[in-house]
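Here it is in structure tokens:
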């Protein structure tokens, strides 16, 4: 959920894998960029039934949360 909260706080912006690692994990040097991809995939799977929850992959840049998410994430 920390990743989702991070993306929500940066809503409308692209967050690189490095930014996600530094903003979410306590020991960022121990985390590889592929770890971010795995966690994003798990979030997508967990929220698959919600149409207004969408994490976009921006090829070569990172991830972004769609701006239609505002009401769905207020409680996070």
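Numbering (the working numbering), first residue to last: 8 to 83. Note that CB positions come from ideal geometry on N, CA and C, so glycine has one too.
Going by beta carbon distance, what residues of the same chain come within less than 7 Å of residue i, once the five residues before and after it are set aside?
i	result
residue 62	14, 47, 50, 51, 70, 72
residue 35	28, 29
Would the beta-carbon of residue i fall within 7 Å of that of residue j?
i	j	result
residue 38	residue 27	no
residue 17	residue 31	no
For a test of the three-state rule: what should DSSP assign to residue i, helix, strand or coil?
i	result
residue 18	coil
residue 55	coil
residue 37	helix
residue 60	coil
residue 67	coil
Residues in the same chain with beta-carbon distance under 8 Å from residue i, minus the five sequence neighbours each way, listed in chain order, please.
i	result
residue 21	65, 68, 69, 70, 71
residue 55	none
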